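Residues 1 to 241 in UniProt numbering are what the sequence shown spells out, letter by letter. What follows is a single structure, written as structure tokens, with notes after it.
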Amino acid sequence: MSDDADPRATPKGDIPGAGPGEPASAPSQTKLTLTKQRWAREGKFLTGRVARPESDRLPPGQHLVRDWPVLDLGMQPRIPLESWRLDVTGAVEHPVSWDWTAFRAQKQTQETTDIHCVTAWSRYDNRWEGLATRDLLDAVMPREDAHFVMLHSYDGYTTNLALEDFAAEDALIVHSWEGKPLTIEHGGPARLVVPHLYFWKSAKWIKKIEFRSFDKRGFWEENGYHNHADPWLEERYSADE
Ligand SMILES: Nc1nc2c(c(=O)[nH]1)N[C@H]1C(S)=C(S)[C@@H](COP(=O)(O)O)O[C@H]1N2
Ligand SMILES: [Mo]
């Protein structure tokens, strides 16, 4: 038995009132829900990731460490909380410039995730707390032409991500690790953590998040690293692109 042949059947995935050219019917159709429906239609944020058994937890070519190595360009900026700012700019409906109090007043999320560094160490079970990138997206509302994100840091570092990678459900802008404020060497006051990509995509000392229509390579992406950086596909070097 099948109802496939019935031409009157509503196509799967059809979102009432949000089709092309159709006005939103209910007053509850806010701009935000419409944007989310558009993302759903376009398949945004479907990264194709699957849950893995414990035996498959370590990506190819990685080894496990228990300590947490420090890697950066050698300059660790010290930003007093009184002068700290996070600017969210570019292709968004509502740009923001949060001071520390405003940033800490955002909705809080906790996640426990693994770190995979391109220099071949991985560290399991890091307990983070901060602002989920999806909640940041709800606050600033990316415009329809926003497809990429550039992260700018207080040490001059940059790194680029596709919007759907930035918006991964476990991606956070963190201020705490294991229940304590993030130390300066690991990117405090606040850093990005995008667990499903190599760790160079997780900008420390975050200063500005810029939404863009076109992609542009960040610091390591310009200097020989892969533009995407999926550890499960060993996307380490730009020569492999
Ligand atoms: N601002 C900034 N963020 C950065 C870097 C940097 O040099 N500056 N290095 C990246 C690299 S290459 C890695 S592996 C991780 C290291 O983070 P950790 O020192 O907390 O282990 O930070 C990433 N984020
Ligand atoms: Mo790295």
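Where is the CB? At the ideal position from N, CA and C, for every residue including glycine. Remember, predicted model here, so these are calculated numbers, not experimental data.
On the CB-based measure, 16 or more other CB atoms within 10 Å of its CB, does residue i come out buried or exposed?
i, result
"Tyr-225", "buried"
"Pro-189", "buried"
"Pro-69", "exposed"
"Pro-223", "The sequence shown places Asn at residue 223, rather than the Pro named in the question. When all chains shown are included, Asn-223 counts as exposed."
"Pro-11", "The predicted position of Pro-11 is uncertain, since its pLDDT is 41 and thus under 50; no value can be drawn from it."
"Ser-97", "exposed"
"Ser-83", "exposed"
"Ala-229", "buried"
"Arg-191", "buried"
"Val-194", "buried"
"Glu-144", "exposed"
"Leu-233", "exposed"
"residue 246", "For residue 246 there is no data in the structure shown, the boundaries of the chain being 1 and 241."
"Glu-169", "exposed"
Report, in whole angstroms, the separation of the C-beta atoms of residue i and residue j, which I expect to be a contact under 8 angstroms.
i, j, result
"Phe-211", "Ala-146", "4 angstroms"
"Gln-108", "Ile-184", "With 8 angstroms as the limit, Gln-108 and Ile-184 do not qualify as a contact, their Cβ atoms being about 21 angstroms apart."
"Val-140", "His-94", "5 angstroms"
"Pro-231", "Pro-53", "Contact flag wrong, Cβ pair sits at about 17 angstroms."
"residue 264", "Ala-120", "Any property of residue 264 remains undetermined from this structure, which presents the chain solely from 1 to 241."
"Leu-73", "Asp-155", "6 angstroms"
"Gly-218", "Lys-204", "Not a contact, Cβ separation roughly 13 angstroms."
I want to see whether chain D comes within less than 8 angstroms of residue i, judged by CB atoms only; does it?
i, result
"Phe-148", "Absence of chain D from the displayed structure is noted, only one protein chain being present."
Can you list every residue whose CB sits closer than 5 angstroms to some heavy atom of ligand 1, going in chain order? Val-70, Leu-71, Asp-72, Leu-73, Cys-117, Ser-153, Asp-155, Tyr-157, His-186, Phe-199, Trp-200, Ala-203, Lys-204 and Trp-205
What alpha helix (DSSP H) runs, 4 residues minimum, are completely inside the region 119-199? As far as the region 119-199 is concerned, its whole alpha helix (DSSP H) runs of at least 4 residues are 133-140 and 163-166.
At a cut of 8 angstroms, does the region 114-127 reach the region 172-179 through at least three beta carbon pairs? yes
Unbroken alpha helix (DSSP H) runs of length 4 or more, entirely within the region 48-115: which are they? 100-104
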